[in-house]
Amino acid sequence: MSAVAEVPEGVETEELGYGRAINAALAEEMRRDERVWMMGQDIGKMGGVFGVTRGLFDEFGPSRVRDTTINETFIVGGAAGAALTGTIPVVELQFADFGLVAGDEIFHKLAKWRYMHGGKLSLPVVVRLPTGVVGGAGAEHSQSLEAMGMHVPGLKVVLPATPADAKGLLKTAIRDPNPVLFFEHKGMYRVKGPVPTGDDYLVPFGEAAVRRRGDAATVVATGLMVPRALEAAERLAAEGTELEVIDPRTIVPLDMETIIASVERTGRALVVHEAVRTAGAGAEIAARIQEAAFFALDAPVWRLGALDTPIPQDPDLEQLVIPSAEQIETAVRELLTL
Amino acid sequence: MSAVAEVPEGVETEELGYGRAINAALAEEMRRDERVWMMGQDIGKMGGVFGVTRGLFDEFGPSRVRDTTINETFIVGGAAGAALTGTIPVVELQFADFGLVAGDEIFHKLAKWRYMHGGKLSLPVVVRLPTGVVGGAGAEHSQSLEAMGMHVPGLKVVLPATPADAKGLLKTAIRDPNPVLFFEHKGMYRVKGPVPTGDDYLVPFGEAAVRRRGDAATVVATGLMVPRALEAAERLAAEGTELEVIDPRTIVPLDMETIIASVERTGRALVVHEAVRTAGAGAEIAARIQEAAFFALDAPVWRLGALDTPIPQDPDLEQLVIPSAEQIETAVRELLTL
Amino acid sequence: MSTKTEQGGGGAGEAEVALELYRQVARIRALELLLNRYVREHGFGGFWHPGLGQEGVQAGAVAALRHEDYLFYAHRGLGYALVKGMAPEVLLGDLFGRVGGSVGGKGGGTVHFVDPELGVLGQGGTLGSNFVLGAGAATSVQLLGEDRVVAIFFGDGAAARGTFHEAALQAAVWKLPIVWVCENNGWHLSALFSAQSPTEDVADRAAAYGVPGVVVDGQDALAVRAAVLEGAERARGGEGPVLIEAKTLRIRGHYEGDPQKYRDDIADGLEVPRDPLQILRERVPAGEADALDAAAGAEAEAALEAALAMPKGGPEVATRDVWS
Amino acid sequence: MSTKTEQGGGGAGEAEVALELYRQVARIRALELLLNRYVREHGFGGFWHPGLGQEGVQAGAVAALRHEDYLFYAHRGLGYALVKGMAPEVLLGDLFGRVGGSVGGKGGGTVHFVDPELGVLGQGGTLGSNFVLGAGAATSVQLLGEDRVVAIFFGDGAAARGTFHEAALQAAVWKLPIVWVCENNGWHLSALFSAQSPTEDVADRAAAYGVPGVVVDGQDALAVRAAVLEGAERARGGEGPVLIEAKTLRIRGHYEGDPQKYRDDIADGLEVPRDPLQILRERVPAGEADALDAAAGAEAEAALEAALAMPKGGPEVATRDVWS
Ligand SMILES: Cc1ncc(C[n+]2csc(CCOP(=O)(O)OP(=O)(O)O)c2C)c(N)n1
Ligand SMILES: Cc1ncc(C[n+]2csc(CCOP(=O)(O)OP(=O)(O)O)c2C)c(N)n1
Ligand SMILES: [Mg+2]
Ligand SMILES: [Mg+2]
């Protein structure tokens, strides 16, 4: 019963920030495969608005690291067209919210074109989507929209919560022949952690990570809510209440087996995400938990998520609308009384 | 125990198609309020690709019934700008799917601008979204995307399932000071039913309709799934199994009271929609049912929805991916054995 | 079939080219007339957007492409893919949602078909997607240092989509090998182009992107071919995209069955004013033309029969191909 | 404040206009310099996109508007709203997320502020939304038969968004009363406009929409005012939109704190080449200019103090205003 290492035993690691880990994955994959290239706004000389692509322009040059003008429909739709014709684009939108500026390109072209064309086309595209609150970015630059990707068939949806996973999942995404929405949390770019140094450290899709073992209740958390859930678990552990904290890491595909196995032991589940609670990915996960483990549940499955409001711009206000470690702790305490 | 009338007792009605009922609502509201106007592609002389706006151009003229070119971002974003400045736009997208072409305008401008501006702006806009399968329209023209509207705070989301509701809900939508996504089912335009003739027949938002009373199980269905659920209920009734069929009519706001009260009586619930099951509105409804009525449930809450595939173009194939009356019937039979 | 597309690229002799274009226009025309009858008599599951009268643009432009060039076609007719080399029975199989079609009944809103081998890459069910998809394909070509151009077909209505602006600016700056072929048939659904465009020609918009804008008579397949050949050569040479606007006519409704109440400019017939087939006929020996007409008619009949004989898919078809 | 905006509309005397513009540029400048210092010293929760050096465009253009005209501003600075008549302490209150601001700390990505009374209607946190929103507002004006124009500000980068194309075509066809004011400061974030535009000027794109495209020196507030006045009159007259491109300079980083490693054209200083304030100074009596400078400085200081004294909102602020 206790915290679990972020990286499997025996793997050689270095201490790296989440943003640097993404940068390493990009560099390694571009070195490995000539066909991999990038485009986006300010990803070249500037290295991206969040500095994630720093150095790649110098190493790979203006042809493989392309600055675009302000044209999200081209960044995503162009990536789709490039993927149809033999290259592997990894594109960056400056904010995940801008995926809605390219809604047709993401949800129609990337998600459906293989199917619409009878499987004769493939769309190996990775769309990097800096997601979540970052402190003052406001309503149109702070959303967590992964549920939309989960609802539209044809898109893989990834939500790394640690530097190691940021690297391992991105490398897997780039090697995946399907379109991948890679929701990297822009509020976690500076979070440091052990990151495997190896060129082929791949984190498979569809395998949840048990971040902490326990038997009192199961907390399923994604992205920024993973550290917050672990913080809540620490506090409760001090009183001998051991939570099991599970990070699905990818919600398409979604590893329900690990979640169900846990809930069948604990009998209680809380699902937490930063996205708006209403119709968020947590609703799907909660619905599936009770479908599969109904008779093992001692209490309803609960969910925490952002309130039904846009994200306010002020950094103090924005924290008031998304779940805090305290709220997770309080919710679990209450859930345990049922 | 049996079917419930589509219109309250004593209200004067005429037999009208679902599409005609929408047309009547538009005409009545434009007569009532000078500020109401429309724009969209081919809504003028042609009366719209589905003929819904027929006659309105002749009655109200080219200024209030405006044909646009092919510019969904303007149709929706322009409606937002017009609403900020004293008029009440009711716009038509030819297919609900095209809402993703105007994703920024719907999910950022319409949904957030009042909030972002401290409540100083209002956006009385109705976006008419012909939704669902219609027989051969294919993957990019047949989706049911209401869950996206449910997930993003600031949008009301309406799903009429009868001609009477199509009229009454649209009139309420036009009079609502908030942005409304009006998902009219394009496969139901020709479905006839009794429609109140009165100029001010308004169906309030947030009031579910109990379409059929029963105590064996509760079926929550929206849009095209309402008639299919009623068909399944008819069959089961022949054997003395009485289902309660509830049509929420609006999912934002969502009338959970009616649903919970029913489930507390029946102890079993099935949620059905045409939208993809994964991360659909049904996930939210199912999650809320078990949150509020867990200890009254005899079995898990089940869901039916479209499979995890895009909608195939062929009219025979498309029916294979969305729930049928038979599948609803079978699911209920199985649910009753738990 | 690909002999033709190779010819298109090379400097085939005048007469030879005219004959080949006549053959292609006749093939498209035969399919158009056959489908027109079939769809009106039997209907089918989907929307058929007839290209009757626009065969000259489609044949002329695609004939100017090479086998290896990429094609993003539009929704109006089958001519684009037919001339690029796809078999007519496969195209009809797609139209009728048969497993023998190239997409097995799963192609979107209007008929979709695909053949990566021939560079036939699809069509955006949402108008305007072609612009960004095609520009992306052209970026691949540039990255891989290939000698291909990307032909992007679109209508006068689709030209209004913002994707054109976003893709065109980037394509012009990156000098991507693109030929934009606008089939301006004067209408986008019930809207008159002339009522919805602030300028007389779509080609007038080329200046905003610093690219050549060419207006050509879309009923003259030879003229279209020449314009596209020139544009394609320019694009291959690394000089960037060109916009070619072919003026043509929409003879039929937007979709077959469209009552066209909004329209009073022409009768609901099958006659084609300034018929591209007749215009070509003057360039080819009558006897050969008659023979090609007959062959085209036979090909179309056979294709229809073959397509209708193809089975439809079942659940296994509906659920596969979501993932690679 | 609205006296000025009225003046903007009417034929105020040369000297009077120059003096008023000087006053406005000085007011913006004082706020810019104050914020520059404040943000660097204390930071704040959000992104401050300095408009230092672009005051001439903002003051000149807005001064040409009338009180009742609508304004969709851009993200670079506070000048637009200040000149339209909003109080500086309210603008700073918004910048600092205070309840005393016009949006109570809830305005998106970059600072947002609003004042429907003054026609200040917002700014799209997603670039390019202004084009469709503004065209919609202009449609309202047309529907209601009002005598207003809609001024839409945007940068040389935002001009690439597809929303410009979609809105511009419709606005031109409907002859909507719009003045597009492009602040071309040569950069969109780290990208050089010259490297991302196929044509030399944004104004070159006006021809695609059949509207006038005017290039004006953005450092000369009087020239900007004259151009916008003329365009606004044309729009009021029902002749449709105009595109005015004001050439200006981005002196500072994209946001205050941007290290600008991608840039080597200017030093990281506060000097403004071709300073709009100095250019105006030559047109006004030195004594009056000095007095206006002093007043502007005092106004800015007082506004900062007032804004910082405003309380921040709590949960009740965060959760209200979702619905009307
Ligand atoms: C984004 C989008 N908006 C609207 C439609 C519906 N639609 C299909 S074809 C068409 C008319 C297209 O006109 P044009 O581009 O000129 O092609 P044409 O039909 O004349 O060949 C419309 C409005 C669509 N498919 N996609
Ligand atoms: C749709 C969209 N894409 C990207 C951004 C991020 N962004 C904010 S400002 C900016 C640069 C804008 O350049 P320009 O329009 O020239 O205005 P300037 O900053 O030079 O005043 C970018 C890329 C955004 N806000 N919206
Ligand atoms: Mg057309
Ligand atoms: Mg700029």
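Protein chains in written order, with my numbering: chain A, 1 to 338; chain B, 339 to 676; chain C, 677 to 1000; chain D, 1001 to 1324.
Here a beta-carbon is modelled for each residue, glycine too, at the ideal position from N, C-alpha and C.
All values derive from a computational prediction rather than experimental measurement.
| Asked | Found |
| --- | --- |
| Proximity test, Cβ basis, 8 Å: residue 46 of chain A and chain C | no |
| Contacting positions in the stretch 1113-1128 of chain D - beta carbon closer than 9 Å to chain A | 1124, 1125, 1126, 1127 and 1128 |
| Cβ-based contacts, 7 Å cut-off: residues of the stretch 355-369 of chain B near chain D | none |
| Touch test, the stretch 145-152 of chain A against the stretch 1024-1033 of chain D, Cβ-Cβ under 8 Å, three pairs minimum | no |
| Near ligand 3: residue 864 of chain C beta-carbon under 7 Å from a heavy atom | yes |
| Cβ of residue 119 of chain A within 8 Å of any chain C Cβ | yes |
| Selection of the stretch 255-281 of chain A by Cβ proximity to chain B, strictly under 8 Å | 275, 276, 278, 279, 280 and 281 |
| Where the beta strand (DSSP E) through residue 306 of chain A begins and ends | 302-306 |
| Cβ pair count under 8 Å reaching 3, the stretch 852-861 of chain C against the stretch 817-830 of chain C | yes |
| Chain D contacts made by the stretch 977-997 of chain C, where a contact means CB separation under 8 Å | none |
| Buried versus exposed call for residue 718 of chain C [16 or more other C-beta atoms within 10 Å across all chains shown] | exposed |
| Nearest-angstrom Cβ-Cβ length linking residue 570 of chain B and residue 667 of chain B, presumed shorter than 8 Å | 4 Å |
| Coil, strand or helix - residue 315 of chain A by DSSP | helix |
| Members of the stretch 477-502 of chain B near chain C, C-beta cut-off 9 Å | 477, 478, 479 and 480 |
| Chain D within 8 Å of residue 521 of chain B, Cβ atoms only | no |
| 4-residue-minimum alpha helix (DSSP H) runs that sit fully inside the stretch 1049-1088 of chain D, ordered along the chain | 1055-1063 and 1079-1084 |
| Selected residue, minimal CA-CA separation from residue 714 of chain C, among C/804, C/872 and C/980 | C/980 |
| Buried versus exposed call for residue 469 of chain B [16 or more other C-beta atoms within 10 Å across all chains shown] | buried |
| Residues that residue 1064 of chain C contacts on chain A, provided the C-beta gap is smaller than 7 Å | The structure shown does not extend to residue 1064 of chain C, since chain C is modelled only from 677 through 1000, so no value can be given for it. |
| Residue 496 of chain B and residue 519 of chain B closer than 8 Å at C-beta | yes |
| Alpha helix (DSSP H) segments (min. 4 residues) lying fully within the stretch 448-484 of chain B | 449-454 |
| Start and end residues, alpha helix (DSSP H) containing residue 1215 of chain D | Unbroken run through residue 1215 of chain D is the beta strand (DSSP E), 1213-1217; no alpha helix (DSSP H). |
| For residue 1236 of chain D: DSSP bridge partner residues | DSSP lists no partner for residue 1236 of chain D. |
| Cutoff 8 Å: residue 104 of chain A Cβ touching any chain C Cβ | yes |
| Other residues of its chain near residue 6 of chain A: CB distance less than 7 Å, five sequence neighbours each side excluded | 162, 164, 193 and 194 |
| 7 Å CB neighbourhood of residue 1135 of chain D in its chain, flanking five on each side removed | 1167, 1170, 1171, 1176 and 1178 |
| CA-to-CA distance, residue 869 of chain C to residue 176 of chain A, given in whole angstroms | 44 Å |
| Where the alpha helix (DSSP H) containing residue 337 of chain A begins and where it ends | 325-337 |
| Residue 353 of chain B to residue 528 of chain B span [Cα, whole Å] | 12 Å |
| C-beta neighbour in chain C for residue 645 of chain B, strict 8 Å | yes |
| Helix, strand or coil at residue 534 of chain B according to DSSP, with G and I counted as helix | strand |
| Distance CB(residue 230 of chain A)-CB(residue 24 of chain A) smaller than 8 Å | no |
| Contact check, residue 365 of chain B vs residue 411 of chain B, beta carbons under 8 Å | no |
| Nonlocal neighbours in the same chain, by C-beta distance under 8 Å from residue 635 of chain B, ignoring five residues either side | 601, 605, 606, 607, 627 and 628 |
| Residues near residue 807 of chain C by beta carbon distance below 6 Å, same chain, minus five either side | 839, 840 and 843 |
| Opposing strand residues paired with residue 550 of chain B [DSSP bridges] | B/341 and B/583 |
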